[in-house]
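Counting from 249, one number per residue, gives the positions in the sequence shown under this note's numbering.
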Amino acid sequence: MNTDQAFDLLKDAGVAESISIQTVRRWMREGKIKYEGGNKNRKTGYIIDDTDQAFELLKDAGITESISIQTVSRWLREGKIKYEGNGNRKTGYIIDDTASMLSINDRIDQNKDEIIHRLKLKIQAQDKHIEGIEELHETSKKILIQQRDMFKKEVVLLKNEKSKLQNETKDLLKENIELRNELIKVKENKSDNYNFNSNNQSNDYSEKLGLAKMASNKELLAEYKGLLKITHPDHDGNSKVFHYIKTDYDNFRKFIKGK
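Written out as structure tokens, the structure reads:
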């Protein structure tokens with residue numbers, strides 16, 4: 249391999265031109281290339297003896313192992329490498345031999361094993377993630393069930409409270425009706441005590457009102473006002489009764505003023 253061939257191989261492997269020039273010069277100083285290329289048109293069937301040499305060459309140039317495997321496999325198919333190395337040959341020159349290395353098939357197998365191992369780790373991580381999601385789902389499910397049961401209990405309590413309020417409302421309405429009827433009876437009894445047949449004389453007003461004969465005019469007026477209030481039509485009173493009492497009340501007031 250001459251310097252031109254080494255430079256072309258490095259560029260073909262994806263090494264930058266500046267780095268390729270530095271690498272070829274270093275190989276010249278280290279004696280890894282036997283002579284400089286003087287004829288760029290020189291053609292041979294192969295450039296590198298075996299795959300072990302090619303791996304060592306690319307490794308020394310700083311190329312990663314995965315890219316090295318792909319590049320060496322391609323060079324072997326293209327006929328740039330004479331044969332596949334066995335990893336046991338050792339010489340002083342890379343162009344003649346290489347240090348002990350694994351064969352390309354072993355490297356590929358190792359790469360496959362590493363990929364499989366990484367995939368297994370990734371699958372395990374995904375399984376743990378799925379387990380976490382399933383656990384979270386079960387927890388959420390339990391919480392939702394608890395909330396549903398709590399809401400059901402609240403609905404039952406609200407229904408019972410509603411029923412209780414309805415019963416209390418009915419009791420209050422019943423009590424209100426009873427009180428109203430009682431009030432009506434009181435009004436009727438009080439107006440019934442009024443003597444509509446008595447004469448309109450001053451000493452008969454107390455008799456009409458059911459008061460003592462010695463009751464004062466002030467007491468008589470207060471009693472009249474109370475009767476007028478409870479018998480007033482606006483307060484569900486009897487208009488006829490109200491009219492009679494109002495007439496007596498007016499007469500009584502005239503009687504007081506005439507004194």
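By construction, the Cβ of each residue, glycine as well, lies at the ideal position given by its N, Cα and C atoms.
Along the chain, where does the beta strand (DSSP E) that runs through aspartate 297 open and close?
Indexing the sequence shown from 1 puts residue 297 at position 49. Element bounds for aspartate 297: 296–298.
Burial state of glycine 474, where buried means 16 or more other Cβ atoms lie within 10 Å
Indexing the sequence shown from 1 puts residue 474 at position 226. Classification of glycine 474: exposed, given that the 10 Å Cβ count is below 16.
Start and end of the beta strand (DSSP E) containing isoleucine 311?
Mapped onto the sequence shown, residue 311 falls at position 63. From DSSP, isoleucine 311 is part of no beta strand (DSSP E); its letter is neither H nor E.
Measuring CA to CA, which of Ile329, Asp260 and Glu409 is closest to threonine 299?
To locate residue 299, count along the sequence shown from 1; it is residue 51. For threonine 299, the nearest C-alpha among the options comes from Ile329.
Where threonine 417 falls, given that 16 or more other Cβ within 10 Å makes a residue buried
Residue numbering aside, residue 417 sits at position 169 when the sequence shown is read from its first letter. When all chains shown are included, threonine 417 counts as exposed.
With DSSP run on the structure shown, which of helix, strand or coil describes lysine 226?
With the chain represented from 249 up to 507, any question about residue 226 goes unanswered, as that position is not in the structure.
Contacting residues, own chain, Cβ-Cβ under 7 Å from alanine 264 (five flanking each side not counted)
In the sequence shown, counting from the first residue as 1, residue 264 sits at position 16. Answer for alanine 264: no residue qualifies.
On the premise that isoleucine 493 lies in contact with glutamate 476, defined as a C-beta separation below 8 Å, what is that separation, rounded to the nearest angstrom?
Walking along the sequence shown from the start, residue 476 turns up at place 228. Walking along the sequence shown from the start, residue 493 turns up at place 245. Correcting the residue identity first, residue 476 is leucine in this sequence and not glutamate. Their Cβ separation, rounded to whole angstroms, is 6 Å, which keeps leucine 476 and isoleucine 493 in contact under 8 Å.
With a CB to CB cut of under 6 Å and the five nearest residues on each side skipped, what residues in its chain are close to isoleucine 295?
For the purposes of this step, residue 295 is taken as the residue at position 47 of the sequence shown. Taken in chain order, the residues that qualify are Met249, Gln253 and Lys328.
Can you tell me which residues form a DSSP beta bridge with tyrosine 331?
The residue given as residue 331 occupies position 83 in the sequence shown. DSSP output for tyrosine 331 lists Asp298 as bridge partner(s).
Considering Cα atoms alone, identify which of Asp484, Ser487 and Ala470 is closest to arginine 501.
What you label residue 501 is simply residue 253 of the sequence shown in a count that begins at 1. Comparing Cα-Cα distances from arginine 501 to each of Asp484, Ser487 and Ala470, the minimum goes to Ala470.
Are the CB atoms of threonine 271 and alanine 309 nearer to each other than 7 Å?
Here the question's residue 271 lines up with position 23 in the sequence shown. Here the question's residue 309 lines up with position 61 in the sequence shown. Their beta carbons are under 7 Å apart, which means threonine 271 touches alanine 309 by this criterion.
Can you list, in chain order, the residues of its chain whose CB lies under 8 Å from that of phenylalanine 490, leaving out five sequence neighbours each side?
In the sequence shown, counting from the first residue as 1, residue 490 sits at position 242. Taken in chain order, the residues that qualify are Leu476, Thr479, His480 and Pro481.
Option in Ile269, Asp297, Val403 and Gly262 with minimal Cα separation from isoleucine 315:
Counted from its first residue, the sequence shown places residue 315 at position 67. If we check each option's Cα against that of isoleucine 315, Gly262 comes out closest.
How would you label aspartate 297, buried or exposed, when you count the other beta carbons within 10 angstroms and need 16 or more for buried?
Within the sequence shown, residue 297 is the residue found at index 49, counting from 1. Result: buried.
Rounding to the nearest angstrom, what Cα-Cα distance links glutamate 304 and isoleucine 281 in this structure?
On the sequence shown, position 56 is the one that residue 304 refers to. On the sequence shown, position 33 is the one that residue 281 refers to. Approximately 13 Å between the Cα atoms of the pair.
Within 10 angstroms of its Cβ, does glycine 279 collect 16 or more other Cβ (buried), or is it exposed?
Within the sequence shown, the letter at position 31 stands for residue 279. Looking at its Cβ environment, which holds fewer than 16 other Cβ atoms inside 10 Å, glycine 279 is exposed.
Can you name, in chain order, every residue of its own chain whose Cβ lies under 8 Å from the Cβ of isoleucine 267, other than the five neighbours on each side?
Within the sequence shown, residue 267 is the residue found at index 19, counting from 1. Leu258, Ala309 and Gly310.
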